[in-house]
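Working notes, beginning with the structure itself.
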Amino acid sequence: MQRSRSSLANDAEGLAPGLYIVATPIGNLGDISSRALSVLARAELIACEDTRVTGKLLHHFGISTRMTPYHDHNAARVRPGLIARALAEPVALVSDAGTPLISDPGCKLVAEARAAGVTVATVPGPSAAIAALSIAGLPTDRFLFAGFLPAKPGARATAIAELAAVPATLVFYESGPRLAATLAALRDGLGDRPAAVGRELTKRHEEMIVAPLSDLAARWAEAPPKGELVVIVGPPAAPEAPDAADLDSALLAAMTTLHLKDAARQVATALGLPRTQVYSRALALKNGE
Ligand code: SAM
C-alpha cells in the first residue's frame, strides 16, 4: 500500500501527546496498518533501533517524521529525554521489524514512561512469533514465548531444561547458522516432540515445515537455511493415566502397612491422581468390591 506524503499530512491533527508503540511489517510491507501509517506520519518524533532501516520504511510510505536512534547502546542515556518529550507531544517507538519489546528494545522505556505519567498506546500489528503460531497447526491454546536461546551449549541446555515441564507450546527465535544445533538441543532436552520451523514469514520464500524435532534437526544438519526463523515446539505429551489394575495393586500394597487414608494419600501422590478418587477406590477395595 503506497500512501502519498500529502494524503498523510492531511490527517495531521489530533494525535495526543504520549508514547505510541507501533508494530511494523516483518517482511511484507503490505502488512503495515493504516493506523500505524497515520501515527508515524503525525508523531513529532520516531524512536527507532536503526534510522537507516526505519528510514527506508518511512520513505516507502512518503512519511518525513524525524527519527532518533533508540537501541541497547544508547537507551539509558536517551530514555529520559524521550519520556520528557512524550509527556508534551506524540512520540512513536518502532523496531527494525515486527512489534517493539518482543525480543526488541523498549521494555524499560514503556515502564519508565508509565511511571512518569506518560500515556502509552499500542498500535498493534505483525510479530513473527504470532505469525508462526498462526500457520504451524500446533496447539495455540497455551504457549510460552522464549525468544532467543543462549548461544553457548551449556547455558542453552540449562534454559531448555527449565522449559521441559512447561505444559504449553514453546516459541523461539533463531538464526540460520544456529538452527540445527538448537533443534538437536531441543530434541535432547525435551524429547522428540512435534515441532515446526517457520522461515521468511510473509516474504517471497515463506515456508513452514512441520515435523518431529529429530527430523527437523537432521534436515538442516549439513546446510543451514537462509533467512529469518521461528521455531515452535509442541507441548509435552499428557502423562498416561495409570490403568485401574495399577491403581488397585498400588493401593492393596500400601494398605498392608498404612491406614486407608494414608495409603490413599500416598498412592494419589505417586500416581498423580486426585485424592478423592483414590480414597473412594481404597474404600471399595476394603469393602471387598
Ligand atoms: N520484534 C520482532 C517481532 O515482533 O517478531 C522480533 C525481533 S527479533 C530481534 C528478530 C527475530 O524474529 C529474527 O531473528 C527471527 O527469529 C524472527 N523473525 C523476524 N521476522 C521474521 C520472519 N519474517 N520470518 C521468520 N522469523 C522472523
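In this text, residue positions in the sequence shown follow this note's numbering: the first is 125, and each later residue adds one.
All C-beta atoms in this analysis are idealised placements derived from N, C-alpha and C, irrespective of residue type, glycine included.
Closer than 6 Å: residue i CB and nearest ligand 1 heavy atom
{"i": "Val-321", "result": "no"}
{"i": "Tyr-194", "result": "no"}
{"i": "Leu-325", "result": "yes"}
{"i": "Gly-222", "result": "yes"}
{"i": "Ser-258", "result": "no"}
{"i": "Ser-251", "result": "yes"}
{"i": "Ser-157", "result": "no"}
Cα-Cα separation, residue i to residue j
{"i": "Leu-337", "j": "Val-355", "result": "10 Å"}
{"i": "Leu-310", "j": "Ile-207", "result": "40 Å"}
{"i": "Phe-185", "j": "Ala-160", "result": "11 Å"}
{"i": "Val-202", "j": "Phe-269", "result": "28 Å"}
{"i": "Glu-324", "j": "Glu-330", "result": "5 Å"}
{"i": "Lys-327", "j": "Asn-152", "result": "6 Å"}
{"i": "Val-391", "j": "Thr-400", "result": "11 Å"}
{"i": "Val-146", "j": "Ala-388", "result": "56 Å"}
{"i": "Thr-264", "j": "Gly-138", "result": "38 Å"}
{"i": "Pro-149", "j": "Ser-158", "result": "12 Å"}
{"i": "Asp-155", "j": "Pro-250", "result": "7 Å"}
{"i": "His-183", "j": "Thr-189", "result": "10 Å"}
{"i": "Ile-345", "j": "Ala-361", "result": "Checking the sequence, you will find Ala at residue 345 rather than Ile. The straight-line gap from Cα to Cα measures roughly 26 Å."}
{"i": "Thr-381", "j": "Gly-300", "result": "58 Å"}
{"i": "Glu-364", "j": "Pro-291", "result": "14 Å"}
{"i": "Ala-256", "j": "Arg-343", "result": "19 Å"}
{"i": "Thr-223", "j": "Val-334", "result": "25 Å"}
{"i": "Glu-236", "j": "Pro-359", "result": "35 Å"}
{"i": "Ala-133", "j": "Val-215", "result": "Interpretation of Ala-133 is limited by its pLDDT of 38, a score under 50 that renders its predicted location unreliable; no figure is taken from the coordinates."}
For residue i, three-class secondary structure by DSSP
{"i": "Ile-254", "result": "helix"}
{"i": "Gly-222", "result": "strand"}
{"i": "Thr-381", "result": "coil"}
{"i": "Gly-328", "result": "For the record, residue 328 in the displayed sequence is Arg; it is not Gly. Three-state result, Arg-328: coil."}
{"i": "Tyr-403", "result": "helix"}
{"i": "Glu-236", "result": "helix"}
{"i": "Leu-268", "result": "strand"}
{"i": "Glu-437", "result": "Limits of the chain in this structure are 125 at one end and 413 at the other, which puts residue 437 out of reach."}
{"i": "Ala-133", "result": "No answer about Ala-133 holds up, because its pLDDT of 38 lies below 50 and its placement is not dependable."}
{"i": "Ser-128", "result": "Unreliable positioning characterises Ser-128 in this predicted model, as indicated by a pLDDT of 38, which lies under 50. The coordinate reading is nonetheless provided below. Correct three-state label for Ser-128: coil."}
{"i": "Thr-243", "result": "coil"}
My parser needs the beta strand (DSSP E) runs of 3 or more residues fully inside the stretch 293-321; what are they? For secondary structure counted as the beta strand (DSSP E) over 3 or more consecutive residues, the stretch 293-321 holds these complete runs in sequence order: 293-299.
Which full runs of the beta strand (DSSP E) of 3+ residues lie inside the stretch 156-237, going along the chain? For the stretch 156-237, whole beta strand (DSSP E) runs of length 3 or above, ordered along the chain, are 169-172, 190-193 and 214-218.
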